[in-house]
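K.L.:
Going by the UniProt record's numbering, 30 is the number at position 30 of the sequence shown; the sequence numbering is gapless. The structure's right below; bear with me while I get my questions together.
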Amino acid sequence: MAARELPIVLRSLNSDVPTYVTFVNHCGYDARAWWLNFTGDPVSYGDIKPRTRMHMKTYRSHPWVFRASDNGAKLLANMKEIYFPELNDFQDGYPVYLEVMITSPVYSLQDYCIMLVQKLVKKKDFDKLDIPQSLKKDLKEFPNLQKELRDLNRVLQAIN
1 MAARELPIVL
11 RSLNSDVPTY
21 VTFVNHCGYD
31 ARAWWLNFTG
41 DPVSYGDIKP
51 RTRMHMKTYR
61 SHPWVFRASD
71 NGAKLLANMK
81 EIYFPELNDF
91 QDGYPVYLEV
101 MITSPVYSLQ
111 DYCIMLVQKL
121 VKKKDFDKLD
131 IPQSLKKDLK
141 EFPNLQKELR
151 DLNRVLQAIN
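See below:
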């Protein structure tokens, strides 16, 4: 008997309640905005340069995640891994855009070292390094947005 596939929890649900946000990149490098669509797949909305903004009309039930453009490392939106838009106010009939701060998390020493080695060593040379196989595997796979989203879905399913 095949294992029952659990439903995707982390995805956009509907486009009923619009909201307006401004993503502000406070990192020293480009940040990529990813919207999680109705099937839970990430859809890139492009890069946000350091100290610049991206204005977006989105919806309350539309989750967003952010990653470093150059290496895919996890970034935070208002100090959270996943950003769910909030309702915004209107002034004189126009929406007041909510600012969403994109920042770097405090990476673990292992994650930081993996990112540094990835930057300094060519991918084809990872197997030549005198390090444990598990670290070589991490070098080849880190970061992996699809895997991170699957892991987040498992956590959310366990909570519900």
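Just so you know, even glycine gets a beta-carbon here, dropped at the ideal spot from N, CA and C.
1. Check whether the stretch 127-143 and the stretch 47-66 touch, using three or more Cβ-Cβ pairs below 8 angstroms as the test.
2. Please classify residue 109 as buried or exposed, where buried requires at least 16 other C-beta atoms within 10 Å of its C-beta.
3. Exposed or buried, what is residue 2 when buried is set at 16 or more other beta-carbons lying within 10 Å of its beta-carbon?
4. Does the beta-carbon distance from residue 114 to residue 77 come in below 8 angstroms?
5. Report all residues from its chain with a CB closer than 8 angstroms to the CB of residue 29; omit the five preceding and five following residues, and keep chain order.
6. With 16 as the cutoff for other CB atoms within 10 Å, does residue 12 come out buried or exposed?
7. With residue 87 as the anchor, note down where its alpha helix (DSSP H) starts and where it stops.
8. Going by C-alpha to C-alpha distance, which of 105, 148, 45 sits closest to residue 23?
9. Helix, strand or coil for residue 73? Go by DSSP, reduced to three states.
10. Identify every run of the alpha helix (DSSP H) within the UniProt domain "SOCS box" (104-145), keeping only runs that are complete inside it and at least 4 residues long; order them along the chain.
11. Is the beta carbon of residue 19 sitting closer than 8 angstroms to the one on residue 86?
12. So for residue 151, helix, strand or coil by DSSP?
13. Does the distance from the C-beta atom of residue 21 to that of residue 34 stay below 8 angstroms?
14. Rank 123, 104, 93, 89 by C-alpha distance to the C-alpha of residue 81 and give the top, closest one.
P.N.:
According to the structure data:
1. The way I'd put it, the stretch 127-143 doesn't touch the stretch 47-66; fewer than three beta-carbon pairs between them come closer than 8 angstroms.
2. Classification of residue 109: exposed, given that the 10 Å Cβ count is below 16.
3. Confidence in residue 2 is poor, its pLDDT being 46 and thus under 50, which makes the residue's placement too unreliable to answer from.
4. Cβ atoms of residue 114 and residue 77: not closer than 8 angstroms.
5. 50, 68, 69, 70.
6. It is buried - the Cβ of residue 12 has at least 16 other Cβ atoms within 10 Å.
7. For residue 87, no alpha helix (DSSP H) run applies, since DSSP gives it neither H nor E.
8. The residue with the shortest Cα to Cα distance from residue 23 is 45.
9. Reduced to three states, the DSSP call for residue 73 is coil.
10. As far as the UniProt domain "SOCS box" (104-145) is concerned, its whole alpha helix (DSSP H) runs of at least 4 residues are 109-120, 133-141.
11. A Cβ-Cβ contact shorter than 8 angstroms links residue 19 with residue 86.
12. Helix.
13. Not in contact: residue 21 and residue 34 (Cβ atoms no closer than 8 angstroms).
14. Out of 123, 104, 93, 89, 104 has the C-alpha closest to the C-alpha of residue 81.
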